[in-house]
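> Quick one: structure below, then a few questions.
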Amino acid sequence: MKKIILLCSAWLSVNTYAQTKTYTLANAHSHNDYERKTPFYQAAALQFGYIEADIHLKDGELYVAHDSRDIRPNRTFKTLYLEPVIRQFALNDGKAYADGAPLRLLVDIKTAGVPTLQALQTLLLPYRQYFDPSVNPNAVQVILSGNIPPVSAWTDFDQLFFFDGRPDSTYPAAVKQRVALVSTDFHQYSKWNGKGTFVPAELEKVKAVIAQVHQQGFPFRFWGAPSARTCYYKLMDLGADVIGTDYPEELADVLKNTAHTSTGNLPVHPVYTPTYASDATRVKSKNVILFIGDGTGLAEMFAGYTANKGDLNLFRMRQLGLSKTASTDNYHTDSAAGATALSSGSKTNNREIGMDNTYHAIPVLPEILATKGIASGVIVTEEITGATPAGFYGHTPDRDNTQILHQQLISSKLQLAVGGGKEDFARDVKGDLRQTLAQSGIRFYDDLNAWDAATQGRTLVVLSDKTVTSMRDGRGSYLKDALKKALQQLNASGKGFFLMVEGSRIDHGGHHNDLDYLVREMLDFDDTIGEALRFADKDKQTTIIVTADHETGGLALMDGSIANGTLRGHFATNDHTGIPVMVFAYGPNSQEFQGVYENNEIFKKILKSLGVHAKAQSSKER
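The numbering of the sequence shown is my numbering, which starts it at 351 and goes up by one.
Quick look at the structure:
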């Protein structure tokens, strides 16, 4: 007897409100499940915690249908739900789901309560090992709703049955443990259609009824709430314990990924207020700093703005443009073709670096500028052979030719290159790195702190991948620190410089559909932009451009609070998209970057700002 009591207590504990605040698929409810093309199996394949079946008693048989006119001979409760449950246990070693997650059948009684329930009891008792928690701790809980008998009659029915309560009902202690959850009609509290948000007065009603049920110690569910992402999020925010849907895959996506599509409470960085003294002036630019946020669309930028509680260095820049990013062979570019367009003025095929779309090498900015005595550098938050940095020194038909890119980096016109990938660099460049590179007149550092920026000459700072890692994994202030040293070294000659700075891992967050990862990288990128703005105001001859090679992830911002720095998003893809990306500019000639244009025009605008005349080598121009 004690064992039975303990098992019942364990079963009931999983239904308490305190246990359901971390949302998983156990909180998902497949509303009108029997109307699916594959009843039960569609929701069970997604591991929904609640699956609903409406039952009708007719001629001694229990049928599943919304209305009596929908009854069909082959659509019985036994065939559509009982037998599939038994099959689940056979497939999963005695459990409904392989990982032991709970499964509940929410059985809505549509015909007369007592006879229908008696028929259901007769049907299920031979299979009680699958449904009775006192017999099996992995049992499927049967929760009765609809035309259930009065509370006073609940004890007349087998203990395997639990009940769906109502907020305005009172339950005696003797039967309270059999209330599995409390549900009510959403439309009694709100007319909201799931778009936008609640009317304030209705929101208060919704909050009140959820709080009322929780005070009674029961999990809460609305029926009839809109089946929409926005509504799922709102109900989760309000603490509803069971989230219903007519679209199981959509709700599953929300619940499975909510940890990756939400973020908040991130460190906020101060934002620099520019003087604008040199902004949009027409004097010749001595220096150009090109910031590339890999995979960074406007949504990614505004996500950073929200997380930084309503401010970004980026958004202090007043000259705005829009860059169209398509490559020559694809609607959406990859980083290789995107970087090549920016560095050479020629659009090319995806995967190509420093070549036109006929696979001929073409000059890139550092090579062009070197003939004018202008030094160039790159700083990235990934491997130094990544597609974006390689676009400013390499020439190869395939971005994955890293061994070739290492050799091209050594022989390139770059005065400075800072990034990760020391491990691969050491593999491809045989011998002692310092000695090998010294023979090519290159100083090599594998420690950012050891880098002596006061010394002139070609410099490679190639750090371990453990150092140039993600912000989440502890990269810290690497990017801003590297920028400070790069500006010191490149500016010392007084002859002008070009510097490309990439926020490389914003793109990684998009590919992984991980909003928190993405936003952390975006905030670091923007903090570094602030440092460049300070330099530009002091120098008065430096033009700053901030853009992206492409957008990644198709990020949509679903909800958030700028005041609190919290944010919720949704990704459409784990690939790049073809939407245009923003161009922000500051300093002399920044007005040149206004308008809507192809991404390869940025190359031409940079050269114009520097007063350099060079024609891009493209197959179209031959």
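Beta carbons: idealized from backbone N, C-alpha and C, even for Gly.
1) The alpha helix (DSSP H) spanning Thr580 covers which residue range?
2) Does the separation of the CB atoms of Glu803 and Phe794 fall below 9 Å?
3) Can you find a C-beta in chain B that's less than 9 Å from the C-beta of Thr809?
4) Beta-carbon separation of Tyr936 and Ala898 under 9 Å?
5) With 16 other CB atoms within 10 Å as the buried threshold, where does Glu402 fall?
6) Let me know if Asp383 comes out buried or exposed under the rule of 16 or more other beta-carbons within 10 Å of its beta-carbon.
7) Using CA coordinates, which residue listed in Ala451, Lys460, Tyr521 is at the minimum distance from Ala489?
8) In this structure, does DSSP put Leu917 in helix, strand or coil?
9) May I ask you to report which of helix, strand or coil DSSP gives Ile493?
10) In chain order, what residues of the same chain lie with their CB nearer than 6 Å to the CB of His963, ignoring the 5 residues before and after it?
11) Does the beta-carbon of Cys581, which I'm using as the reference point, lie nearer than 8 Å to any heavy atom of the ligand GDP?
12) Could you check the C-alpha separation between Asp644 and Val529 for me, to the nearest Å?
13) Per DSSP, what kind of secondary structure is Asn637 in: helix, strand or coil?
14) Hey, quick one: how far does the alpha helix (DSSP H) through Arg884 stretch, first residue to last?
15) Mark Asp449 as exposed unless 16 or more other C-beta atoms lie within 10 angstroms of its C-beta, in which case mark it buried.
16) Expressed to the nearest angstrom, what Euclidean distance is found between the alpha-carbon atoms of Ile498 and Leu531?
17) By Cβ distance, which residues of its chain are closer than 7 Å to Gly574, with the 5 residues on each side in sequence left out?
18) Do you know how far the Cα of Leu475 is from the Cα of Asp443?
19) Could you tell me the distance, in whole angstroms, from the CA atom of Val556 to the CA atom of Leu605?
20) What is the residue span of the alpha helix (DSSP H) that Ile712 lies within?
21) Does the distance from the CB of Phe848 to the CB of Leu715 come in under 9 Å?
22) Does the separation of the CB atoms of Thr547 and Lys584 fall below 9 Å?
23) Evaluate the contact criterion for the stretch 846-865 versus the stretch 632-648: three or more CB pairs, one atom per stretch, below 8 Å.
24) Given Gly434, which residues of its chain have a CB within under 6 Å of its CB, disregarding the five upstream and five downstream residues?
25) In whole angstroms, give me the CA-to-CA distance for Gly880 and Leu837.
26) Count the CB pairs spanning the stretch 620-635 and the stretch 414-431 that are closer than 8 Å, and state whether there are at least three.
27) Closer than 7 Å by C-beta to Gly771: which residues in its own chain qualify, once you throw out the five before and the five after it? Chain order, please.
28) Excluding the five sequence neighbours on either side, which residues of its own chain have a C-beta within less than 6 Å of the C-beta of Asp909, listed in chain order?
29) Mind checking who Glu411 pairs with in its DSSP beta bridge?
30) Among the candidates Gly826, Lys371, Pro624, whose CA atom is the shortest distance from the CA of Ala590?
31) If you draw a straight line from the alpha carbon of Gly826 to that of His619, how long is it in whole angstroms?
32) Please classify Ile354 as buried or exposed, where buried requires at least 16 other C-beta atoms within 10 Å of its C-beta.
33) What is the residue span of the beta strand (DSSP E) that Tyr622 lies within?
34) Using the Cβ count rule (16 or more neighbours within 10 Å means buried), how would you classify Lys636?
35) Mind the definition here: the stretch 701-715 touches the stretch 739-751 only if three or more C-beta pairs lie below 8 Å; say whether that holds.
36) Roughly how many angstroms separate the alpha carbons of Val322 and Asp409, rounded to a whole number?
If we stick to the structure as given:
1) For this step, residue 580 is matched to residue 230 along the sequence shown. Going by DSSP, Thr580 is part of the alpha helix (DSSP H) stretching over 579-588.
2) Within the sequence shown, numbered from 1, the residue matching residue 803 stands at position 453. Within the sequence shown, numbered from 1, the residue matching residue 794 stands at position 444. According to the sequence shown, residue 803 is Ala rather than Glu. Result no, Cβ atoms of Ala803 and Phe794 do not sit closer than 9 Å.
3) Annotation note: the requested chain B is absent from the structure, which comprises a single protein chain.
4) Residue 936 sits at position 586 when you count from the first residue of the sequence shown. Residue 898 sits at position 548 when you count from the first residue of the sequence shown. Not in contact: Tyr936 and Ala898 (Cβ atoms no closer than 9 Å).
5) Here residue 402 corresponds to residue number 52 of the sequence shown, with the count starting at 1. Only buried fits Glu402, as 16 or more other CB atoms lie within 10 angstroms of its CB.
6) Against the sequence shown, residue 383 aligns to sequence position 33. The residue in question, Asp383, is buried, as its Cβ has 16 or more Cβ neighbours within 10 Å.
7) For the purposes of this step, residue 489 is taken as the residue at position 139 of the sequence shown. Considering only alpha carbons, the answer is Ala451.
8) Translated into positions along the sequence shown, residue 917 becomes position 567. Strand, per DSSP.
9) Here residue 493 refers to the residue found at position 143 of the sequence shown. In the three-state DSSP reduction, Ile493 falls in the strand class (E or B).
10) In the sequence shown, the residue the question calls residue 963 occupies position 613. Nothing meets the Cβ criterion.
11) In terms of ligand content, the structure shown is empty, and the ligand GDP therefore cannot be addressed.
12) As a first step, residue 644 is located in the sequence shown; it is residue number 294 there, counting from the start. As a first step, residue 529 is located in the sequence shown; it is residue number 179 there, counting from the start. Near 52 Å, if we compare the C-alpha coordinates of Val529 and Asp644.
13) As a working note, residue 637 is residue 287 in the sequence shown. In the structure shown, Asn637 sits in a strand (DSSP, three-state: E or B).
14) One-based indexing of the sequence shown puts residue 884 at position 534. Arg884 -> alpha helix (DSSP H) spans 865-889.
15) Position 99 of the sequence shown, counted from the first residue, corresponds to residue 449. Taking all protein chains in view, the Cβ of Asp449 is surrounded by fewer than 16 other Cβ atoms within 10 Å, so the residue is classified as exposed.
16) Translated into the one-based positions of the sequence shown, residue 498 becomes position 148. Translated into the one-based positions of the sequence shown, residue 531 becomes position 181. The alpha-carbon separation between Ile498 and Leu531 amounts to approximately 14 Å.
17) Locating residue 574 in the sequence shown gives position 224, where the first residue counts as 1. Non-local C-beta neighbours of Gly574 in its own chain, meaning closer than 7 Å and more than five positions away in sequence, comprise Asp535, Phe536, His537, ordered along the chain.
18) Within the sequence shown, numbered from 1, the residue matching residue 443 stands at position 93. Within the sequence shown, numbered from 1, the residue matching residue 475 stands at position 125. Rounded to the nearest angstrom, the two C-alpha atoms are 21 Å apart.
19) For the purposes of this step, residue 556 is identified with residue 206 of the sequence shown, where counting begins at 1. For the purposes of this step, residue 605 is identified with residue 255 of the sequence shown, where counting begins at 1. Approximately 21 Å, taken between the alpha carbons.
20) Start at 1 with the first residue of the sequence shown, and residue 712 comes out as number 362. Careful: Ile712 lies outside any alpha helix (DSSP H) and carries neither H nor E.
21) For the purposes of this step, residue 848 is taken as the residue at position 498 of the sequence shown. For the purposes of this step, residue 715 is taken as the residue at position 365 of the sequence shown. Yes, the pair counts as a contact, with Cβ atoms nearer than the cut-off.
22) Translated into positions along the sequence shown, residue 547 becomes position 197. Translated into positions along the sequence shown, residue 584 becomes position 234. Yes, they are a contact pair.
23) Note that the stretch 846-865 touches the stretch 632-648; at least 3 beta-carbon pairs, one per stretch, sit closer than 8 Å.
24) Within the sequence shown, residue 434 is the residue found at index 84, counting from 1. Reading off the sequence, residue 434 comes out as Pro, not Gly. For Pro434, where only same-chain residues beyond five positions count, the Cβ hits under 6 Å are Phe390.
25) Reading the sequence shown from its first residue, position 530 is the one you call residue 880. Reading the sequence shown from its first residue, position 487 is the one you call residue 837. Straight-line measurement puts the Cα of Leu837 at about 13 Å from the Cα of Gly880.
26) The stretch 620-635 is not in contact with the stretch 414-431.
27) Taking the first residue of the sequence shown as position 1, residue 771 is located at position 421. Contacts found: Glu733, Ile734, Thr735, Val812, Asp815.
28) Within the sequence shown, residue 909 is the residue found at index 559, counting from 1. Cβ neighbours of Asp909 beyond the five flanking positions: Tyr583, Arg918.
29) For the purposes of this step, residue 411 is identified with residue 61 of the sequence shown, where counting begins at 1. In DSSP, Glu411 forms a bridge with Lys408.
30) Your numbering for residue 590 matches position 240 in the sequence shown. Residue Lys371 holds the alpha-carbon nearest to the alpha-carbon of Ala590 among Gly826, Lys371, Pro624.
31) Working through the sequence shown from its first residue, we reach residue 826 at position 476. Working through the sequence shown from its first residue, we reach residue 619 at position 269. Going from the Cα of Gly826 to the Cα of His619 covers about 13 Å.
32) As a first step, residue 354 is located in the sequence shown; it is residue number 4 there, counting from the start. Here Ile354 scores only 38 on pLDDT, less than 50, and its place in the model is too uncertain to base an answer on.
33) Here residue 622 corresponds to residue number 272 of the sequence shown, with the count starting at 1. Taken as a continuous stretch (DSSP letters only), Tyr622 belongs to no beta strand (DSSP E), as it is neither H nor E.
34) Numbered from its first residue, the sequence shown carries residue 636 at position 286. Lys636 comes out buried.
35) Contact annotation: the stretch 701-715 touches the stretch 739-751, with at least three C-beta pairs closer than 8 Å.
36) For the chain, the structure presents residues 351 to 972; residue 322 sits outside this window and is missing.
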